[in-house]
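Trainee: Each residue of the sequence shown is one higher than the one before, counting from 7 in the numbering used here.
No residue lacks a Cβ here, since even glycine has one placed at the ideal position from N, Cα and C.
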Amino acid sequence: MDIEVLRHSCSHIMAKAVKELWPETKLGIGPSIEDGFYYDFDKKEPFAEGDLARIEERMREIIKKDEFFKREELSKLDAGELFSRLHEDYKLELIKVIPDALVSIYR
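The structure is reproduced here in structure tokens:
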């Protein structure tokens with residue numbers, strides 16, 4: 007597996023883990039970078055000591071399920087409606103500045 011694909015997948019797995027543990031958390035961006043990956047989260051309460059271990063454990067559980075991420079391309083309008091329903095305000099802001107007519111999402 008290409009390292010970029012691995013990092014990108016890990017980013018999505020981490021986002022899923024955080025949303026499952028703290029459903030009210032809003033998602034920002036989560037790219038792979040030169041030395042790994044990260045994700046911006048907006049959580050009502052700051053992450054506490056021990057939360058990273060919980061996130062890592064939940065990520066392991068998700069990985070064990072061996073589920074696939076499905077890449078979809080949506081129009082900006084459809085993506086906006088989806089993120090509006092999901093109350094993902096940062097994602098709504100992001101699609102406004104994307105110059106492309108289509109937005110790729112992963113589920």
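(1) Can you give me the Cβ contacts of Glu26 inside the same chain, cut-off strictly under 7 Å, excluding the 5 residues immediately before and after it?
(2) What distance in whole Å lies between the Cβ atoms of Val109 and Ala85, which are believed to be in contact at a cut-off of 8 Å?
(3) From the DSSP output, which residues share a beta bridge with Gly56?
(4) If we call anything under 8 Å between Cβ atoms a contact, is Tyr96 one with Lys32?
(5) For Asp48, which beta-bridge partners are listed by DSSP?
(6) Run the CB neighbour count on Val24, radius 10 Å, all protein chains shown included, and call it buried at 16 or more, exposed below.
(7) Once the 5 residues before and after Glu30 are set aside, which same chain residues still bring their CB inside 8 Å of it?
(8) Between which two residues does the beta strand (DSSP E) holding Leu108 run?
(9) Given a cut-off of 8 Å on the beta-carbon distance, is the pair His14 and Ser38 in contact?
(10) Can you tell me whether Phe43 is helix, strand or coil according to DSSP?
(11) Where do the ends of the beta strand (DSSP E) carrying Leu80 lie?
Mentor: Judging by the given coordinates:
(1) To locate residue 26, count along the sequence shown from 1; it is residue 20. Within the same chain, Glu26 has close Cβ partners Arg64.
(2) The count along the sequence shown starts at 1 and reaches residue 85 at position 79. The count along the sequence shown starts at 1 and reaches residue 109 at position 103. Right, their Cβ atoms sit about 4 Å apart.
(3) The sequence position of residue 56 within the sequence shown is 50, counting from 1. None; Gly56 has no bridge partner.
(4) Indexing the sequence shown from 1 puts residue 96 at position 90. Indexing the sequence shown from 1 puts residue 32 at position 26. Yes, they are a contact pair.
(5) As a first step, residue 48 must be located in the sequence shown, where it is residue number 42. Lys32, per the DSSP bridge assignment.
(6) Position 18 of the sequence shown, counted from the first residue, corresponds to residue 24. It is buried - the Cβ of Val24 has at least 16 other Cβ atoms within 10 Å.
(7) Position 24 of the sequence shown, counted from the first residue, corresponds to residue 30. Exclusion of the five residues before and after Glu30 leaves Lys49, Lys50 as the residues of its chain whose Cβ lies within less than 8 Å of its Cβ.
(8) By 1-based counting over the sequence shown, the position of residue 108 is 102. Where Leu108 is concerned, the enclosing beta strand (DSSP E) stretches over 108-112.
(9) Your numbering for residue 14 matches position 8 in the sequence shown. Your numbering for residue 38 matches position 32 in the sequence shown. Yes, these two residues count as a Cβ contact at 8 Å.
(10) Taking the sequence shown and counting its residues from 1, the one referred to as residue 43 is at position 37. Looking at Phe43 - three-state DSSP - the assignment turns out to be strand.
(11) Looking up residue 80 in the sequence shown gives position 74. 77-81 is the span of the beta strand (DSSP E), which, as asked, contains Leu80.
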